[in-house]
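Participant: Attaching a single structure in structure tokens format; questions to follow.
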Amino acid sequence: MAAYVNRTVSILGGGGGVTVAPSADLRNSSSPLQRFVKGKRKINDIFVEIEDYVLDSSNYVSALRKENKVIVDEGDVKLVTDYVQKIKGIRDVLARDHMKVAFFGRTSNGKSSVINAMLRDKILPSGIGHTTNCFLQVEGSENGESYLMTEGCQDKQNVKSVGQLAHALCKEKLNENQLVRIFWPRDKCFLLRDDVVFVDSPGIDVSPNLDEWIDKHCLDADVFVLVANAESTLMVTEKNFFHKVSTKLSKPNIFILNNRWDASASEMDFQDQVRAQHLERAADFLVKELKVCSPKEANERIFFVSAKEVLQARLNEEKGMPPHSGALAEGFPNRYFEFQDFEKKFEECISKSAIKTKFEQHSQRGKSVSQDIRDVMESIYEKALATQKDKSFVKKDLNDKLNFTEQQLLLITQEMKEKIHHMVEDVEQRVSKALSEEIRRLSTLVDEFNIPFHTEQLVLNVYKKELHHHVENGLGSNLRARLSTALALNIDASQREMTDRMCLLLPETKRNLSHSVIPRREPFEVLYRLNCDNLCADFQEDLEFRFSWGITSIIARFAGKGNSNKIAMANYQPPPAYNSNLMSPCDAPDMNCYYQPAPQTPVASLLRPEDWSLTSRLALASIGSQGTMGGLLLAGMMLKTVGWRVIAVTSALYSCLYLYERLTWTNKAKEREFKRQYVDHATKKLKLIVDLTSANCSHQVQQELSSTFARLCHLVDESTTEMAQSMKELEKELKSLEAAANSAKVLRNKASYLAKELDMFDEVYLKGKQSVQQGP
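Going by this note's numbering, the sequence shown runs without a break in its numbering and finishes at 796.
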């Protein structure tokens, strides 16, 4: 009773008269229901951001997985991508979410009348007896139209047909478990405008399918309104229904409306006692039996109203008539104000309940999604940073190794150039010295040639050709015997040193390749290209008998000692200069093309008369003269000088010597003379090519060592090129990792931002720390 008085006084503003209360249409814009509308708008905005965020995260991890499978797992990709459809489903649910109020009670208790009174219009069929035959759901229409739709049909029907479809007395009535959705213009009812949906039900005492009703129409209800008959008391049927509801839902929000309280006006003497009795029994039902609220809360959820009076009063208000014109009995203002108090408490309760039931789960789900994606992004960020750090170390090591390799390559190149230069000079000196010694021993080599000798020109030409080959092969074999082993050892040692030095600059995977740079299994051998065929092609033998002590021979021998070298040098043309560093052994010039043999002339033509003495000139003149006068003159001079006996003895000895030489001028002597002439001729020719041959051999050595070093340098260059390419790839990977880390960091922070947004939403709408401003 005290609670009732307090509510009534608060509504009347302290006045005790029966003046007309402020119209319910003057509803403050900041009603509790607006919390739900604002909360719904806010959480929808948050989930728009979450949807964009999840989509961005999904695209990011999918692209990152293709580029770098190290820093993102396939499970993380699937986790994030699956959230795209889940968040889309939550958004669809949020868009459809509304506050659902289910009205239950026995037949004819006035459930439809209460809904009509709250809607301020007679929409649902009502009357005595069993009126509502099926479930009716009233919700606001988006386009301001009024129509209805039956379950399983999308066709819009006239609202007036609800009386035929839902009235239990009509023949075309629907099944009691079916649902008829009635769409009513939002601007005609502020409750519909705030996303409230009313569900009217058949009487719970006319059907045994209570469990089916609960499962189909009650599990998503935010508030239950039990409409009881104030002329009686709570029945077991009503209690059993809500007992079933409480077993399926955790602490449902229940209001108890004792309708038809206008009947108490006829029993004014017992009105207070009856009210107290109903209040006590209803409170015990809520507190002790259902255990859904405290005693204090129970008193705030039990009301005594007359829905029929309120509906009539509000219809009169729409027509411009005073509200009390619809009064059915005395005490109407109190009943009217208590109905308004019910609506106010109902708004507060449904707002809190709907926000909690509709948004709490979605908020927690949004936090869970944000946290999961944040964990993924945190993992990607940490892996990207760790990988970036490792790659940076690898890049630094590779850069240091590249710089070291390049510096060492320059040092080794300089050292090898000097070493090759010294070795080439050494080879040139050795070959020059060895060849000079072999030239001095040429007569021995020629003497070893033992093919039969004949003076016939055809056989002699073959003999000379074979002698050329014998000399060339003999000199070559002698030079190889003296030089090749030492040269081969030096070259092999130098190549191994090069290989060992350069191997240190190669990565371990390529060090085995350095051994293939020297593919030969046999030691390097210098080729001595003497080519005696061309060198001695101008050799012309002179096998005519000449008395060695003849005057002509003596004079020629005497004159030839001083002039032979001058004649040979006068007829020698030096070869053109060339750079041995740029030529291969096979490109060495043919040394024989620079020799211009002097034409064969008589001995007298080779002597220069201006260099002879007077006596020699007279003797030569007398010998060369075929006249008798010359011979007599010479004989006279000799006879006068030495006497005839000396001349006779000398002539006899001279004749014997001549005869001896003439008789010993055999084929063997001719062979010895031929070999002597050949040795003299070949010696002169070979001396001219000593420098050229040594230069050619040194060039071969230089080519061999330079080519080996060049191949090793090529391997090192390939390695440095690969290292440089690896540096570029690492730089590209580092930039990619940096971009991935930055993106992961941004997405991680965005997840934290969304989680804070949801926390603020919880603080404001779920925990109620920010109070809703009320109007004056």
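By construction, the Cβ of each residue, glycine as well, lies at the ideal position given by its N, Cα and C atoms.
On a predicted model such as this, the values are computed, not experimentally measured, just so you know.
#1: Taking DSSP's pairing of strands, which residues face alanine 122 in a bridge?
#2: Return helix, strand or coil for asparagine 279, following the three-state DSSP convention.
#3: What are the boundary residues of the beta strand (DSSP E) that valine 158 is part of?
#4: Per DSSP, what are the beta-bridge partners of leucine 168 in this structure?
#5: Taking only the alpha-carbon atoms, compute the straight-line gap between glutamate 777 and isoleucine 66 and give it to the nearest angstrom.
#6: With DSSP run on the structure shown, which of helix, strand or coil describes asparagine 551?
#7: Less than 8 Å separating the beta-carbons of glutamine 291 and serine 284?
#8: I want to know whether the region 657–675 touches the region 456–464 - three or more CB-CB distances under 8 Å.
#9: Under three-state DSSP, which class holds asparagine 249?
#10: With distances taken Cα to Cα, identify the nearest neighbour of aspartate 520 among Val736, Glu448, Leu310 and Ala327.
#11: Might you give, ordered along the chain, the residues of its own chain that have their beta carbon closer than 8 Å to the beta carbon of arginine 355, omitting 5 neighbours on each side?
#12: For phenylalanine 362, count the other beta carbons within 10 Å of its own beta carbon; 16 or more makes it buried, fewer makes it exposed. Which is it?
#13: Quick check on isoleucine 143: does DSSP put it in helix, strand or coil?
#14: Can you tell me where the beta strand (DSSP E) holding phenylalanine 323 begins and where it ends?
#15: Do alanine 248 and asparagine 279 have their C-beta atoms within less than 8 Å of each other?
#16: Please report the residue range of the alpha helix (DSSP H) in which valine 479 lies.
#17: Could you tell me the distance, in whole angstroms, from the CA atom of leucine 139 to the CA atom of serine 161?
#18: Consider the Cβ of valine 312: report whether some Cβ of chain D lies at a distance smaller than 8 Å.
#19: Serine 252: which of Arg295, Phe781 and Phe261 sits nearest, CA to CA?
#20: How big is the Cα-Cα spacing for lysine 690 and leucine 563?
#21: Decide if glutamine 883 is buried, meaning its Cβ has at least 16 other Cβ atoms within 10 Å, or exposed.
#22: Going by the DSSP bridge assignment, what does isoleucine 274 pair with across the sheet?
#23: Which residue wins for smallest C-alpha separation from isoleucine 143, given the options Lys311, Leu335, Trp569 and Lys403?
#24: Is the region 163–172 touching the region 197–209 in the sense that three or more CB pairs, one from each, lie closer than 8 Å?
#25: Nearest-angstrom Cα distance between valine 74 and glutamine 105?
#26: Using a 10 Å radius around the Cβ and a threshold of 16 neighbouring Cβ atoms, would you call tyrosine 24 buried or exposed?
#27: Can you look up phenylalanine 210 in the DSSP assignment and give me helix, strand or coil?
#28: Quick check on the DSSP output: the alpha helix (DSSP H) that includes valine 100 runs from which residue to which?
#29: Would you mind listing the alpha helix (DSSP H) stretches within the region 683–747 that are 4+ residues and don't spill past its ends, in chain order?
#30: Roughly how far, in whole angstroms, is the beta-carbon of phenylalanine 123 from the beta-carbon of valine 134, given that I think they are within contact range, below 8 Å?
#31: Grab me the residues of methionine 611's own chain with a C-beta within less than 6 Å of its C-beta, minus the 5 sequence neighbours each way, in chain order.
#32: Output the boundary residues of the alpha helix (DSSP H) element that contains proline 52.
#33: Under a three-way DSSP split, which group does tryptophan 664 fall into?
#34: Report, in whole angstroms, the separation of the C-beta atoms of isoleucine 767 and aspartate 76, which I expect to be a contact under 8 Å.
#35: Asparagine 129 lies in the alpha helix (DSSP H); which residues open and close that run?
#36: Where do the N-terminal and C-terminal ends of the alpha helix (DSSP H) with glutamine 297 fall, by residue?
Facilitator: According to the structure shown:
#1: Val219 and Phe244
#2: strand
#3: 155–161
#4: Gln177 and Ile202
#5: 7 Å
#6: coil
#7: yes
#8: no
#9: strand
#10: Val736
#11: Trp281, Asp282, Phe324, Val325, Ser326, Glu329 and Val330
#12: buried
#13: coil
#14: 322–324
#15: yes
#16: 477–499
#17: 14 Å
#18: This model lacks chain D altogether; it includes just one protein chain.
#19: Arg295
#20: 6 Å
#21: Outside the modelled stretch of the chain, which goes from 21 to 796, sits residue 883, for which no answer is possible.
#22: Phe244
#23: Leu335
#24: yes
#25: 10 Å
#26: Bear in mind that the predicted position of tyrosine 24 carries a pLDDT of just 42, short of 50, making it too unreliable to give a figure here.
#27: helix
#28: 94–116
#29: 687–708
#30: 6 Å
#31: With a pLDDT of 41 at methionine 611, under the threshold of 50, the modelled position of this residue cannot be trusted, and the question is left open.
#32: 52–87
#33: helix
#34: Note that residue 767 corresponds to leucine in the displayed sequence, not to isoleucine. Indeed they touch by this definition, with Cβ atoms about 7 Å apart.
#35: Unbroken run through asparagine 129: none, as it is neither H nor E.
#36: 291–304
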